[in-house]
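Peer 1:
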Amino acid sequence: MVVLSGKDSHALMQGVMALGAQAFLPKTGHLGEVLRYVRDNDLVALPASSPSPLPAPVVVQAMPATAAVDELQPQLNARQVEILDWLLSGKSNKEIAQLSHLTEGTVKNHVSTLLLLFGMRSRAQLISSLK
790 MVVLSGKDSH ALMQGVMALG AQAFLPKTGH LGEVLRYVRD NDLVALPASS PSPLPAPVVV
850 QAMPATAAVD ELQPQLNARQ VEILDWLLSG KSNKEIAQLS HLTEGTVKNH VSTLLLLFGM
910 RSRAQLISSL K
């Protein structure tokens with residue numbers, strides 16, 4: 790288990806490590822380093838209740854805004870590419886949910902994953918860096 794926390798507290802870090810966490814990553818840290826840690830330690834996994842396997846990842850070629858993004862060259866599955874396309878066309882989460890036949894919460898999860906993969910902190914930053 791890895792803890793990603795909004796609080797950069799030494800006491801909190803000691804507590805979660807004592808409870809068995811492999812790592813404590815404060816959100817105040819450099820996003821590129823967090824992403825590298827997750828990627829290098831193979832910490833991304835499919836949920837156990839996934840109804841069907843996801844399609845094989847595809848490479849999305851983008852013009853990154855930062856070196857950290859360029860370094861990562863995100864691998865996206867077909868659904869993530871589809872969500873990203875709608876996101877870049879200016880669709881809201883609600884509109885994407887309707888188009889994709891997903892719940893709005895699932896779309897929000899996909900958007901959060903895309904932000905993480907591209908090393909961005911906001912939807913606007915992601916859009917402006919890829920357009």
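Using the working numbering, read the sequence shown as starting at 790 and increasing by one per residue.
Where is the CB? At the ideal position from N, CA and C, for every residue including glycine.
Values in this document were obtained by computation on a predicted structure and should not be read as measured data.
Is the distance from the Cβ of V791 to the Cβ of A807 below 8 Å?
Peer 2: Stepping through the sequence shown from its first residue, residue 791 is reached at position 2. Stepping through the sequence shown from its first residue, residue 807 is reached at position 18. No, the Cβ-Cβ distance between V791 and A807 is not below 8 Å.
Peer 1: What is the residue span of the beta strand (DSSP E) that L814 lies within?
Peer 2: Here the question's residue 814 lines up with position 25 in the sequence shown. Its beta strand (DSSP E) spans residues 812–815.
Peer 1: Compare the beta carbon distance of L888 and W875 with 8 Å and say whether it is the shorter of the two.
Peer 2: Along the sequence shown, read from residue 1 onward, the residue named residue 888 stands at position 99. Along the sequence shown, read from residue 1 onward, the residue named residue 875 stands at position 86. In this structure, L888 places its C-beta atom within 8 Å of the C-beta atom of W875.
Peer 1: So L877 is in the alpha helix (DSSP H); what residue range does that whole segment cover?
Peer 2: Counting from one through the sequence shown, the residue named residue 877 turns up at place 88. Looking at the DSSP string, the run of the alpha helix (DSSP H) that includes L877 is 867–877.
Peer 1: Thinking C-alpha only, which one of Q803, Y826, I885 is nearest V896?
Peer 2: Taking the sequence shown and counting its residues from 1, one reaches residue 896 at position 107. Looking only at Q803, Y826, I885, the smallest Cα-Cα distance to V896 is reached by I885.
Peer 1: Thinking just about the alpha-carbon of each residue, which of L793, S881, R828 is nearest to the one in R912?
Peer 2: If you number the sequence shown from 1, residue 912 lands on position 123. The residue with the shortest Cα to Cα distance from R912 is S881.
Peer 1: Taking the straight line between their C-alpha atoms, what separation do you get for L877 and H890?
Peer 2: Here residue 877 is taken as the residue at index 88 of the sequence shown, counted from 1. Here residue 890 is taken as the residue at index 101 of the sequence shown, counted from 1. Computed Cα separation, rounded: 18 Å.
Peer 1: What's the gap between the Cα of L915 and the Cα of G795?
Peer 2: In the sequence shown, counting from the first residue as 1, residue 915 sits at position 126. In the sequence shown, counting from the first residue as 1, residue 795 sits at position 6. Whole-angstrom Cα-Cα distance: 21 Å.
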